[in-house]
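I have placed the structure first, in the form of structure tokens, so that the comments after it can refer back to it.
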Amino acid sequence: MSTTVTKGSERAEWEVTAPFTGVIYKKNFIGEATTALEAELFTHVPVTMNESTKTIANPSGHDLLQQIRDDLEVHQKAIDGLQEQNDAQQRAIDDLMERVALYREIRKSVLCGGLSSNKQRNEAAHGGNIREDYFFIRGERNTSLAEKCRERFEQIYGFQLSEFQDRIPTAPARVIEAFNMHGNCILLYRWNKSQKQGVKKQVLSKLRQLLLPWVQNLTPVDYLEDGSPSLPFYDNIVSLYESV
């Protein structure tokens with residue numbers, strides 16, 4: 001259908017089709033049509049077409065629509081801000097749960113023998129824990145100390161933290177365990193005995209071979225998952241590691 005509307009200083013016949021919205025505001029009455037406009041709505045009311053907002057309205061109608069749009073924008077920003085706060089709080093909670101996991105295991109070993117050997121207790125208390133170290137470095141405000149910790153991180157885990165730090169919180173469990181085995185080989189006393197150096201060198205070499213594709217983000221989605229082609233190599237490393 002068509003109706004006469006004003007565009008700038010010109011009056012012309014316009015074909016009005018969806019998705020234009022027509023709003024006529026007069027006194028306390030609003031007439032609205034979203035898919036088709038009845039010509040009689042405009043018989044006695046001068047209207048203009050706003051192509052950018054897809055609306056046809058008289059001046060008061062345009063003002064009303066703009067006010068509604070402004071209000072919606074303000075409310076949406078407020079909602080987005082609350083959502084961001086909620087997301088940040090949830091991340092903080094998730095981080096905290098990750099960080100207390102180690103200490104729960106240590107207390108479990110004291111209370112009910114969850115860590116059944118001195119070897120396991122030493123690993124939990126003094127060995128590699130890449131997630132905890134990541135959280136510590138991320139939260140450290142002293143830039144000089146944080147930089148020293150990053151250097152030590154690379155010595156312990158074999159890779160620079162900056163290469164994959166954003167992926168540590170969501171890394172597969174076996175990837176985390178592989179990093180921790182690497183850390184244990186560097187940190188724990190039993191791996192520094194002279195008679196263990198041959199096995200240690202093998203384990204570290206195999207762990208690097210296993211972890212490098214993951215660090216470079218070149219692994220398939222099922223990497224080190226149950227049934228994946230990469231799992232036998234991981235199991236071989238674990239057997240060699242546990243032989244010490």
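Note that the UniProt record's numbering has the sequence shown beginning at 1, numbered continuously upward. Backbone N, C-alpha and C define an ideal beta-carbon position, used for all residues, glycine too.
Check	Outcome
I'd like to know whether the C-beta atoms of V199 and V244 end up nearer to each other than 8 Å.	yes
Once DSSP output is grouped into helix, strand and coil, what is the label at Y223?	coil
How big is the Cα-Cα spacing for K206 and K196?	16 Å
To the nearest angstrom, how far is the alpha carbon of D80 from that of D166?	23 Å
Output the distance between the C-alpha atoms of W214 and G158, rounded to the nearest integer angstrom.	13 Å
Can you say whether E123 is buried or exposed, counting buried as having 16 or more other CB atoms within 10 angstroms of its CB?	buried
Taking just the CA atoms, how far does V203 sit from G227?	22 Å
Have a look at Q209, Q216 and T219 and flag the residue whose alpha-carbon is nearest the alpha-carbon of N236.	Q209
For K193, which three-state DSSP category applies?	coil
Counting only the same chain and skipping the five closest in sequence on each side, list residues whose C-beta sits under 7 Å from that of I137.	A146, C149, R150, F153 and L161
Going by C-alpha to C-alpha distance, which of N184, T143 and E140 sits closest to I156?	N184
Between the beta-carbon of Y223 and the beta-carbon of P169, is there less than 8 Å?	no
With DSSP as the reference, label T43 as helix, strand or coil.	Summary for T43: the model assigns pLDDT 46, below 50, so the residue's position carries little reliability; its value from the coordinates is reported in the next sentence. Correct three-state label for T43: coil.
Between which two residues does the alpha helix (DSSP H) carrying G128 extend?	Per DSSP, G128 belongs to no alpha helix (DSSP H) and is neither H nor E.
Which value, in whole angstroms, describes the spacing of the CA atoms of R141 and V175?	28 Å
Please return the same chain residues whose Cβ sits closer than 8 Å to the Cβ of L187, not counting the five positions on each side in sequence.	H126, G127, G128 and I156
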